[in-house]
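S.K.: Please see the structure below; I have some questions.
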Amino acid sequence: QNNENTIPTVLTTSQKLSNGVDARGVRNIVLMRPVGSMIEFKQIIGRGKRLLDGKDYFTIFDFVKAHAHFKDPEWDGESEGTDPCGRCGQHPCQCQKTPPLCVVCGERPCQCEPEPCEQCGQRPCVCKKKVRIKLADGEERSFQSMSVTSYLGPDGQPTSAAQFVESLFGSLPDFFRDEDELRAIWSDPVTRKTLLQGLAERGFGREQLSEMQKIIEAEKSDLFDVLAYIAYTRAPLTGSERVVLAKQGINTRYRSNQWLAFLDFVLGHYVEEGVDELDLDKLIPLLRLKYHAIADAAADLGTPEQIRNVFVGFQKYLYCEAGAPA
1 QNNENTIPTV LTTSQKLSNG VDARGVRNIV LMRPVGSMIE FKQIIGRGKR
51 LLDGKDYFTI FDFVKAHAHF KDPEWDGESE GTDPCGRCGQ HPCQCQKTPP
101 LCVVCGERPC QCEPEPCEQC GQRPCVCKKK VRIKLADGEE RSFQSMSVTS
151 YLGPDGQPTS AAQFVESLFG SLPDFFRDED ELRAIWSDPV TRKTLLQGLA
201 ERGFGREQLS EMQKIIEAEK SDLFDVLAYI AYTRAPLTGS ERVVLAKQGI
251 NTRYRSNQWL AFLDFVLGHY VEEGVDELDL DKLIPLLRLK YHAIADAAAD
301 LGTPEQIRNV FVGFQKYLYC EAGAPA
């Protein structure tokens with residue numbers, strides 16, 4: 001980041017260029033892992049586009065064919081061609097476009113009063129367009145329109161969102177046999193982390209799953225809901241809804257006021273920030289946020305082993321099926 005430094009600097013990291021680093025002197029970007037997210041690709045390339053005196057260009061070294069993400073009409077636009085119009089001789093064409101004659105009212109342009117949408121009652125329609133995909137289990141899943149959503153498949157090749165969904169559906173049985181096993185795996189931060197690592201190695205990383213949250217309209221839900229919806233058509237729950245359903249079991253199991261206060265604190269962070277707040281490596285930071293000192297937390301809650309066991313154990317209540325005992 002020191003642009004006055006004349007000694008070249010090499011930054012080796014898989015995430016730094018997509019996390020808002022302000023380094024205008026970036027002149028070379030080397031891509032050595034698949035970039036499955038269009039948004040992440042734009043963020044990475046954008047680091048090289050930062051302006052700096054004496055910097056006239058930057059170079060992308062692409063070992064994973066990530067440059068396929070440049071094929072995005074929403075970003076670069078469609079080619080307009082270079083030949084002048086055969087009628088007006090201008091480029092782009094300056095000819096006046098004449099609207100077609102309406103076959104109903106006989107006017108040009110059409111003067112018909114448009115009908116309001118039967119679903120939303122609005123004119124023009126403001127309904128969110130849906131896409132339905134039937135997977136190998138014979139069930140249909142509903143998604144928001146995915147025409148401009150692009151992924152890299154497990155083989156590193158560009159793929160449509162629909163193809164990505166089909167590939168994910170076909171791979172999930174390799175990780176869990178049924179919904180009960182998925183809930184059990186996801187309820188433990190250790191096995192949950194192993195599952196996410198395994199999915200990432202297959203090409204289904206966090207970035208792709210997070211984008212999948214958007215197209216199933218589950219941004220306020222858990223990554224668990226993405227997997228459960230794709231695998232078993234289980235309707236997503238928001239983090240707040242999941243906490244409400246879990247509270248009865250948690251309050252019955254942990255009767256200490258001190259523990260309930262801490263778990264309420266953790267659940268608040270879960271609702272605001274997502275499932276990563278339930279990882280084991282977040283336990284110490286959460287204790288410090290709540291108690292400021294680990295010694296104070298131990299005095300209130302017990303030994304480190306007891307704290308860890310409760311932090312892991314309470315999570316099963318978040319992911320048990322509604323109405324079923326944890």
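For the sequence shown, the working numbering gives the first residue as 1, with consecutive numbering after it. Heads up, the beta-carbon is just placed ideally off N, CA and C, and yes, glycines get one too.
Can residue 176 and residue 182 be called in contact, C-beta distance under 8 angstroms?
M.R.: Within the sequence shown, numbered from 1, the residue matching residue 176 stands at position 176. Within the sequence shown, numbered from 1, the residue matching residue 182 stands at position 182. For residue 176 and residue 182, yes; Cβs fall inside 8 angstroms.
S.K.: Using a threshold of 8 angstroms, state whether the C-beta atoms of residue 238 and residue 256 are closer than that.
M.R.: One-based indexing of the sequence shown puts residue 238 at position 238. One-based indexing of the sequence shown puts residue 256 at position 256. No. Outside cutoff.
S.K.: Given residue 311, which residues of its chain have a CB within under 7 angstroms of its CB, disregarding the five upstream and five downstream residues?
M.R.: For this step, residue 311 is matched to residue 311 along the sequence shown. So the qualifying residues of the chain are 283.
S.K.: Tell me which same chain residues have a C-beta within less than 7 angstroms of the C-beta of residue 319, skipping the five on either side of it?
M.R.: Residue numbering aside, residue 319 sits at position 319 when the sequence shown is read from its first letter. Correct list, in chain order: 183, 186, 187 and 224.
S.K.: Output needed for residue 102: all residues of its chain with C-beta closer than 8 angstroms, excluding positions within five of it in sequence on either side, in chain order.
M.R.: As a working mapping, residue 102 is identified with position 102 in the sequence shown. In the same chain as residue 102, and ignoring 5 residues on each side of it, the C-beta atoms closer than 8 angstroms to its own belong to 108, 109, 110, 111 and 112, in chain order.
S.K.: Tell me whether residue 189 is buried or exposed, calling it buried when 16 or more other Cβ atoms sit within 10 Å of its Cβ.
M.R.: Within the sequence shown, numbered from 1, the residue matching residue 189 stands at position 189. Taking all protein chains in view, the Cβ of residue 189 is crowded by 16 or more other Cβ atoms within 10 Å, so the residue is classified as buried.
S.K.: For residue 328, count the other beta carbons within 10 Å of its own beta carbon; 16 or more makes it buried, fewer makes it exposed. Which is it?
M.R.: The first residue shown for the chain is 1 and the last is 326, placing residue 328 beyond what the model contains.
S.K.: Considering only the alpha carbon of each residue, which of 140, 83, 293 and 72 lies closest to residue 160?
M.R.: For the purposes of this step, residue 160 is identified with residue 160 of the sequence shown, where counting begins at 1. Nearest C-alpha to residue 160: 72.
S.K.: Which word fits residue 208, buried or exposed, when buried means at least 16 other C-beta atoms lie within 10 angstroms of its C-beta?
M.R.: Locating residue 208 in the sequence shown gives position 208, counting from the first residue. With 16 or more Cβ atoms within 10 Å of its Cβ, residue 208 is classed as buried.
S.K.: Answer with buried or exposed for residue 292, where buried requires no fewer than 16 other C-beta atoms within 10 angstroms of its C-beta.
M.R.: Reading the sequence shown from its first residue, position 292 is the one you call residue 292. Exposed: under 16 other Cβ atoms inside 10 Å.
S.K.: Go through the region 202-244 residue by residue and report every complete run of the beta strand (DSSP E) that reaches 3 residues or more, in order.
M.R.: none
S.K.: Between the C-alpha atoms of residue 147 and residue 302, what's the straight-line distance to the nearest angstrom?
M.R.: As a position in the sequence shown, residue 147 is number 147, starting the count at 1. As a position in the sequence shown, residue 302 is number 302, starting the count at 1. Here residue 147 scores only 49 on pLDDT, less than 50, and its place in the model should not be relied on; the value that follows carries that caveat. Linking residue 147 to residue 302 through their CA atoms gives a straight-line distance of about 53 angstroms.
S.K.: Using 8 angstroms as the Cβ pair cut-off and three pairs as the minimum, do the region 134-144 and the region 197-211 touch?
M.R.: no
S.K.: Among all the DSSP beta bridges, which residues are the ones paired with residue 197?
M.R.: As a first step, residue 197 must be located in the sequence shown, where it is residue number 197. DSSP lists no partner for residue 197.
S.K.: Rounded C-beta distance between residue 44 and residue 35? I'm assuming under 8 angstroms.
M.R.: On the sequence shown, residue 44 is found 44 positions in, with the first residue counted as 1. On the sequence shown, residue 35 is found 35 positions in, with the first residue counted as 1. Sure, about 7 angstroms apart at Cβ, within 8 angstroms.
S.K.: Let's see if you can read the secondary structure: which residues bound the beta strand (DSSP E) around residue 24?
M.R.: Numbered from 1 along the sequence shown, position 24 holds the residue referred to as residue 24. For residue 24, no beta strand (DSSP E) run applies, since DSSP gives it neither H nor E.
S.K.: Between residue 48 and residue 60, is the Cβ-Cβ spacing less than 8 angstroms?
M.R.: If you number the sequence shown from 1, residue 48 lands on position 48. If you number the sequence shown from 1, residue 60 lands on position 60. For residue 48 and residue 60, yes; Cβs fall inside 8 angstroms.
S.K.: Does the Cβ-Cβ distance between residue 260 and residue 254 come in under 8 angstroms?
M.R.: Position 260 of the sequence shown, counted from the start, is the residue given in the question as residue 260. Position 254 of the sequence shown, counted from the start, is the residue given in the question as residue 254. Their beta carbons are under 8 angstroms apart, which means residue 260 touches residue 254 by this criterion.
S.K.: I need the straight-line Cα distance from residue 290 to residue 278, nearest angstrom please.
M.R.: On the sequence shown, position 290 is the one that residue 290 refers to. On the sequence shown, position 278 is the one that residue 278 refers to. Each residue's Cα considered, the two are about 15 angstroms apart.
S.K.: Please classify residue 143 as buried or exposed, where buried requires at least 16 other C-beta atoms within 10 Å of its C-beta.
M.R.: Counting from 1 along the sequence shown, the entry for residue 143 is found at position 143. Residue 143 is buried by the Cβ-count criterion.
S.K.: If you measure between the beta carbons of residue 218 and residue 158, is that distance less than 8 angstroms?
M.R.: Taking the first residue of the sequence shown as 1, we reach residue 218 at position 218. Taking the first residue of the sequence shown as 1, we reach residue 158 at position 158. No, the pair does not count as a contact, with Cβ atoms beyond the cut-off.
S.K.: Starting from residue 141, follow its DSSP beta bridges and name the residues at the other end.
M.R.: The residue given as residue 141 occupies position 141 in the sequence shown. According to DSSP, residue 141 bridges with 133.
S.K.: Just to confirm, is the Cβ distance from residue 172 to residue 231 under 8 angstroms?
M.R.: Counting from one through the sequence shown, the residue named residue 172 turns up at place 172. Counting from one through the sequence shown, the residue named residue 231 turns up at place 231. The answer is yes: Cβ separation under 8 angstroms.
S.K.: Need the endpoints of the alpha helix (DSSP H) that residue 41 sits in, please.
M.R.: Residue 41 sits at position 41 when you count from the first residue of the sequence shown. Counting along the chain, the alpha helix (DSSP H) containing residue 41 begins and ends at 38-48.
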